[in-house]
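Just so you know, the sequences run in chain order P and V.
Per my numbering, the first sequence starts with residue 1, numbered consecutively.
Per my numbering, the second sequence starts with residue 1001, numbered consecutively.
C-beta atoms are modelled at their ideal positions from N, C-alpha and C, and glycine is treated no differently.
These notes concern the structure reproduced below.
Number of protein chains: 2
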Amino acid sequence: MAVYTDLSDEDLAGLIAAYDLGQPLALKGIAEGVENSNFLLETEAGRFILTIFEKRTKRADLPFFMDVMERLAAKGVPAPRPMRTRAGGLLSDVHGKACAIITFLTGVSPKRPNAAQCRAIGVKLAEMHVALADFPGARANALSIDAWGPLIWPRRALAGELRPGLADAVEADLAVVQKSWPHGLPQGVIHADLFPDNTLFLGDEAKGLIDFYFACTDALAYDLAVCLNAWCFEPRGAFNLTKGQALIGGYEGVRKLSADEREALPLLARGAALRFFATRLADWAETPPGALVRPKDPLEYADKLGFHRSAKGVGDYGG
Amino acid sequence: MAVYTDLSDEDLAGLIAAYDLGQPLALKGIAEGVENSNFLLETEAGRFILTIFEKRTKRADLPFFMDVMERLAAKGVPAPRPMRTRAGGLLSDVHGKACAIITFLTGVSPKRPNAAQCRAIGVKLAEMHVALADFPGARANALSIDAWGPLIWPRRALAGELRPGLADAVEADLAVVQKSWPHGLPQGVIHADLFPDNTLFLGDEAKGLIDFYFACTDALAYDLAVCLNAWCFEPRGAFNLTKGQALIGGYEGVRKLSADEREALPLLARGAALRFFATRLADWAETPPGALVRPKDPLEYADKLGFHRSAKGVGDYGG
């Protein structure tokens, strides 16, 4: 929620000259994302998001993200389309930092998605997987199962302060998923962070999937498991089966899950909850008291883990 | 540079329903202003800025600001126009805070304004003064001459740390302006904070005057004096006479300065520099080291005071 790199009208004019976008008409820093600086940019050619990549996004990963977005937009999946410079590049430089100009998508992020919105995002997620089926690029998932323990173990004490007994419970979850984590499932490019915040809706219609900066190569069903966590829970860890049915039903209307994927889904969902618990716990630990930006609550994912522990099979998720 | 109040899609739908603006199409928090929460709002009726007023803006002052903007927009001065609710109000409430929806203006704020832009802003400033000549509302200038000393005195030590001898020099400035501050000059509604940041240009054409939340009733020539400080200096306190001539010339093309105003201008400019030195010093003192938002440098205004001390008359400003 900040703009880390200041961009003057002169910087902007220099940057825009490399593109075929006409003259700049407006530039506003937008409070979106915590990793990068984002600006709403209007030019004679339309409206765009200008992103300046700050240090937490690896430069070497940017071409992968850009190629994914470009491919999706070309195939009609509503992802932002990165603009190419006159020289054909998808990335530029400003103040020694990489930047990109992508199309602005209309829509509003749903705070409490309804079942119709869950179904719509299931459809879009599957369309995304299908559109990227023959995508040539690859990027390892830096936040996959091996990353969770090292984020959680050093913060056992904090977990215990947040809720007595939580550290032991979460380590038991870790042991379970590590023992049985499925490895032969269909792989492909996944979004890996498709929370409601990263989608844009007009009413119940999904108009945009945004923020592809966690996209990576992993099990497609894991992406669905992330969405089950992000879209289908009510407060205090209550799973909304109707929303789960809508999400999975929407997904399967486009891409059928295999028997292996269906069987693995509860474990993948438990793993996905651990992934977000782990990063939220780490962010919580690193945020000084009284900071302007309040980190997201790790306990939300501790609650969701409670449901995953009790789930008997894919039917409990609406599949 | 922050969004302090979170606004969900449901909050937004409830708010927009009170206006005749159609359905919301997009909402982005923008990193603009340090006092309030601002969002770029797109609806079926166009693009707007939605401002939620945080505690530093007094509720009782808001109708004045709204009326000023509405009057200016109606008279063709490029200020944002506040939208009226179906019930006719210019203000609404969200999360117990006052908010307003004003038109979005295109343009980019100049970082280093050129002489043509200084002339253009002189013209717009005078047009604003003329358009508000019969404005019925009034608001005292809370940051007028009596406010500067109480901001500076308790921070003498800090001023001395910033630059040896600065505290004494500034107190001498204060004594000079307090002794001779002009009182019978033509009064009216002034913007009081018309920095380049608060203007929008396309090329050399001024397309927008924004951020009227310091507007008040005061000497019109004081507003010009603020602009001389904000628009016509080069780094390290060097006054650019060409820009001064352009700014004053642009202003006088629309509204002629009286002999009293011309004579008072150097003192008003010195006072305006003290006003910004005082608030910047206070902001500097209140910002913890390492804060995300770096306050503006008080020494920029210490440098400008150096020029004002040496100025012999209005001719030194280009008048």
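Item                                                                                                                          : Value
N- and C-terminal bounds of the beta strand (DSSP E) containing Ile1210 (chain V)                                             : Per DSSP, Ile1210 (chain V) belongs to no beta strand (DSSP E) and is neither H nor E.
For Leu1166 (chain V) and Ala1387 (chain V), believed in contact at Cβ under 8 Å, the rounded distance                        : Chain V is shown from 1001 up to 1319; residue 1387 (chain V) falls before or after that span and cannot be answered.
Contact check, Leu143 (chain P) vs Thr279 (chain P), beta carbons under 8 Å                                                   : yes
Touching by the beta-carbon criterion (3+ pairs, under 8 Å), the stretch 93-108 of chain P and the stretch 199-214 of chain P : yes
CB contact below 8 Å: Glu1044 (chain V) versus chain P                                                                        : no
Stretch pair the stretch 204-211 of chain P + the stretch 261-274 of chain P: three plus CB contacts closer than 8 Å          : no
Enclosing alpha helix (DSSP H) for Gly1249 (chain V) [first to last residue]                                                  : Leu1241 to Val1254
Whether Leu1265 (chain V) touches Gly1319 (chain V) by CB criterion (8 Å)                                                     : yes
Sheet register partners of Asn1114 (chain V) (DSSP bridge)                                                                    : None, per the DSSP bridge assignment.
Where the beta strand (DSSP E) containing Phe48 (chain P) begins and where it ends                                            : Gly46 to Ile52
Nearest candidate by alpha-carbon position, reference Asn240 (chain P), set P:Glu252, P:Ile49, P:Ala282 and P:His308          : P:His308
Start and end residues, beta strand (DSSP E) containing Ser1037 (chain V)                                                     : Ser1037 to Thr1043
Pro186 (chain P) (DSSP reduced to helix, strand or coil)                                                                      : coil
Buried or exposed (CB count within 10 angstroms, at least 16 for buried), Asp989 (chain V)                                    : Only positions 1001 to 1319 of chain V appear in the structure, and residue 989 (chain V) is not among them; the question remains open.
Cα-Cα separation between Asn38 (chain P) and Asp211 (chain P), rounded to whole angstroms                                     : 11 Å
Contact set for Leu1025 (chain V): own chain, Cβ-Cβ below 7 Å, skip 5 residues either direction                               : Glu1042, Thr1043 and Glu1044
Lys297 (chain P) - DSSP class collapsed to helix/strand/coil                                                                  : Per the sequence presented here, residue 297 (chain P) reads as Asp, with Lys not at that position. Coil.
Assigned secondary structure, Ala1017 (chain V) (DSSP; H/G/I helix, E/B strand, else coil)                                    : coil
Distance CB(Ile1102 (chain V))-CB(Ile1049 (chain V)) smaller than 8 Å                                                         : yes
Reduced DSSP secondary structure (H/G/I, E/B, other) of Pro266 (chain P)                                                      : helix
Contacts that Ser398 (chain P) makes with chain V (C-beta to C-beta distance below 7 Å)                                       : Because chain P here runs from 1 to 319, residue 398 (chain P) falls outside it and cannot be looked at.
Proximity of Cys1118 (chain V) and Phe1053 (chain V) at Cβ, strictly below 8 Å                                                : no
Where Thr1057 (chain V) falls: helix, strand or coil (DSSP)                                                                   : coil
Nearest-angstrom beta carbon gap, Cys227 (chain P) and Leu257 (chain P) [assumed within contact, 8 Å]                         : Between Cys227 (chain P) and Leu257 (chain P) the Cβ distance is about 13 Å, and since that is not below 8 Å, they are no contact.
Any C-beta of chain P under 8 Å from that of Thr1106 (chain V)                                                                : yes
CB contact flag (Lys1111 (chain V), Glu10 (chain P), <8 Å)                                                                    : yes
Under 8 Å between C-beta atoms of Leu90 (chain P) and Glu70 (chain P)                                                         : yes
DSSP bridge partner residues for Glu234 (chain P) (one or two, in chain order)                                                : P:Ala238
Under the three-state DSSP convention, the category Val68 (chain P) falls into                                                : helix
Chain P contact for Gly1029 (chain V) (CB, 8 Å cutoff)                                                                        : yes
Close Cβ partners of Ala126 (chain P) (< 7 Å) along its chain, the five nearest in sequence each way excluded                 : Tyr251, Val254 and Arg255
Local conformation of Met1001 (chain V) per DSSP, three classes                                                               : Reliability fails at Met1001 (chain V), whose pLDDT of 41 lies under 50, so the model's placement of it is uncertain and no value is given.
Contacts of Pro341 (chain P) in chain V (Cβ-Cβ under 7 Å)                                                                     : Within the shown structure, residues of chain P are numbered from 1 to 319, placing residue 341 (chain P) beyond reach of any answer.
Selection of the stretch 233-244 of chain P by Cβ proximity to chain V, strictly under 8 Å                                    : none
Neighbour list for Glu32 (chain P) in chain V, Cβ cutoff strictly below 8 Å                                                   : Lys1028 and Gly1029
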